[in-house]
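Reviewing the structure listed below.
Protein chains: 2
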Amino acid sequence: MRIEDEIKQNKFHSEYQKLAINILFTNQWLTTNTTKILKPFGISPQQYNVLRILKGQSPNAISVSNIMDRMIDKMSNTSRLVEKLRQKELIERVTCEKDRRQVDVKITKKGLELLEKVKTEMNAFKTISNNLTEKEAKTINELLDKMRG
Amino acid sequence: MRIEDEIKQNKFHSEYQKLAINILFTNQWLTTNTTKILKPFGISPQQYNVLRILKGQSPNAISVSNIMDRMIDKMSNTSRLVEKLRQKELIERVTCEKDRRQVDVKITKKGLELLEKVKTEMNAFKTISNNLTEKEAKTINELLDKMRG
DNA sequence: ATATAATATATGTATATACATTAAATGTTT
DNA sequence: AAACATTTAATGTATATACATATATTATAT
Numbered sequence: 057m058r059i060e061d062e063i064k065q066n067k068f069h070s071e072y073q074k075l076a077i078n079i080l081f082t083n084q085w086l087t088t089n090t091t092k093i094l095k096p097f098g099i100s101p102q103q104y105n106v107l108r109i110l111k112g113q114s115p116n117a118i119s120v121s122n123i124m125d126r127m128i129d130k131m132s133n134t135s136r137l138v139e140k141l142r143q144k145e146l147i148e149r150v151t152c153e154k155d156r157r158q159v160d161v162k163i164t165k166k167g168l169e170l171l172e173k174v175k176t177e178m179n180a181f182k183t184i185s186n187n188l189t190e191k192e193a194k195t196i197n198e199l200l201d202k203m204r205g
Numbered sequence: 057m058r059i060e061d062e063i064k065q066n067k068f069h070s071e072y073q074k075l076a077i078n079i080l081f082t083n084q085w086l087t088t089n090t091t092k093i094l095k096p097f098g099i100s101p102q103q104y105n106v107l108r109i110l111k112g113q114s115p116n117a118i119s120v121s122n123i124m125d126r127m128i129d130k131m132s133n134t135s136r137l138v139e140k141l142r143q144k145e146l147i148e149r150v151t152c153e154k155d156r157r158q159v160d161v162k163i164t165k166k167g168l169e170l171l172e173k174v175k176t177e178m179n180a181f182k183t184i185s186n187n188l189t190e191k192e193a194k195t196i197n198e199l200l201d202k203m204r205g
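Chains A and B are the protein sequences, given in the same order. Heads up: the first sequence is residues 57 to 205, going by the numbering used here. Heads up: the second sequence is residues 57 to 205, going by the numbering used here.
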């Protein structure tokens with residue numbers, strides 16, 4: 057559905073202004089869908105992001121600031137997100153011996169198992185790949201990168 | 057900067073997965089920039105969205121649910137956002153006489169003046185139009201609409 | 001060696017968000 | 001008209017977020 061109809065606004069100041077609004081709206085659409093998929097698993101999209109970062113490093117541990125660098129939302133409160141995941145036993149947290157300021161974080165077996173289950177559900181959300189060709193997806197990716205400069 | 061470098065992830069499962077992450081990241085980038093511009097004016101991006109919707113209807117008033125339909129983020133707590141704006145005297149709120157469940161909301165002179173000042177600052181944020189041609193912006197708009205189905 | 005700066009993480013706080021529930025007014029059915 | 005359903009808005013509540021500040025540790029400068 058056209059963004060014009062989604063937010064009942066039929067004129068935009070420019071194609072650029074429309075693009076800004078379209079990105080905000082599309083993000084909302086995507087986040088709502090993801091949140092719904094994750095809800096039965098008891099984790100938020102941001103916690104999911106952290107788990108996937110940790111899976112990428114597994115079986116190694118990485119520091120909290122290292123996680124932050126890799127997060128989609130840089131402004132997140134990574135310490136508290138990590139603590140939430142620890143309470144659910146999805147990750148482990150140990151003070152680094154070499155630099156005692158750092159905290160080494162590692163995904164647990166339980167965390168990896170949860171990600172596997174989530175993956176099945178995520179694969180069911182095929183709207184994007186149903187509606188776009190791979191070439192079109194690539195075009196958007198290149199233009200978004202160009203846009204941010 | 058390429059999304060790969062922004063989040064230090066050099067391989068993606070597919071162009072589609074990369075696109076989902078790119079949209080989330082670009083949204084974050086855009087929201088951070090907008091929040092910074094709005095901060096000196098004491099309003100959040102969501103409050104700004106409501107003000108612009110009301111400006112679009114001005115000098116007429118519209119109901120809270122009507123505002124919600126036009127908002128980028130449909131899940132927002134429009135009642136509370138409206139109340140915040142009323143406290144700042146940027147909008148007025150009157151119970152509708154014809155249907156006493158409804159509340160008619162209208163932007164004030166002060167609200168319109170604030171939007172004018174914000175506009176000047178927003179115009180200074182030219183990153184998008186500097187980095188993309190109008191045709192490229194249009195391409196993304198069309199593809200995002202297509203993507204959501 | 002001591003003072004100062006820089007770094008890593010955690011905490012405090014106000015606001016925002018998601019979602020469920022409530023309350024009031026209006027519509028619909030019988 | 002009475003009972004029930006729907007709509008509109010507000011409120012309650014738990015969690016998340018943004019941003020400032022604090023604390024501990026390590027690095028650097030004097």
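The beta carbon of each residue, even a glycine, is placed where N, CA and C say it ideally should be.
Is the beta carbon of residue i less than 7 Å from the beta carbon of residue j?
i: residue 78/B; j: residue 200/A; result: yes
i: residue 166/A; j: residue 139/A; result: no
i: residue 194/A; j: residue 71/B; result: yes
i: residue 59/A; j: residue 196/B; result: no
i: residue 174/B; j: residue 97/B; result: yes
Of all the options the options, which has the alpha carbon lying nearest to the alpha carbon of residue i?
i: residue 115/A; options: 180/A, 91/A, 168/A and 97/A; result: 168/A
i: residue 108/B; options: 184/A, 147/A, 64/A and 182/A; result: 64/A
i: residue 129/B; options: 122/A, 58/A and 62/A; result: 62/A
i: residue 183/A; options: 81/A, 58/A and 85/A; result: 85/A
i: residue 102/B; options: 112/A, 81/A, 91/A and 103/A; result: 81/A
i: residue 119/B; options: 149/B, 104/B, 76/B and 96/B; result: 149/B
i: residue 147/A; options: 113/A, 87/A, 179/A and 156/A; result: 113/A
i: residue 69/A; options: 91/B, 190/B and 99/B; result: 190/B
i: residue 133/B; options: 202/B, 105/B, 57/B and 117/B; result: 105/B
i: residue 179/A; options: 93/A, 57/A, 76/A and 87/A; result: 93/A
Quick check: the Cα distance between residue i and residue j, rounded to an integer number of angstroms?
i: residue 205/B; j: residue 187/A; result: 6 Å
i: residue 127/A; j: residue 135/A; result: 13 Å
i: residue 162/B; j: residue 137/B; result: 13 Å
i: residue 67/B; j: residue 110/A; result: 15 Å
i: residue 164/B; j: residue 170/B; result: 10 Å
i: residue 154/A; j: residue 142/A; result: 22 Å
i: residue 123/A; j: residue 157/B; result: 48 Å
i: residue 202/B; j: residue 172/A; result: 29 Å
i: residue 117/A; j: residue 76/B; result: 26 Å
i: residue 185/B; j: residue 181/A; result: 33 Å
i: residue 121/B; j: residue 99/B; result: 21 Å
i: residue 87/A; j: residue 95/A; result: 12 Å
i: residue 57/A; j: residue 198/B; result: 10 Å
i: residue 91/A; j: residue 91/B; result: 23 Å
i: residue 125/A; j: residue 125/B; result: 36 Å
State buried or exposed for residue i, treating a residue as buried only when at least 16 other CB atoms are found within 10 Å of its CB.
i: residue 74/A; result: buried
i: residue 151/B; result: exposed
i: residue 83/B; result: buried
i: residue 192/A; result: buried
Are there any heavy atoms of the ligand ADP lying less than 6 Å away from the beta-carbon of residue i, as far as the coordinates show?
i: residue 143/A; result: The model depicted lacks the ligand ADP and carries no ligand whatsoever.
Worksheet item: In chain order, which alpha helix (DSSP H) runs of at least 4 residues are fully inside the segment 156–183 of chain A?
Response: 165–180
Discussion item. If we require 4 or more residues per run, which alpha helix (DSSP H) segments fall completely within the segment 90–166 of chain A?
Written reply: Scanning the segment 90–166 of chain A for uninterrupted alpha helix (DSSP H) segments of 4 residues or longer gives 101–113, 120–126 and 134–143, listed from N- to C-terminal end.
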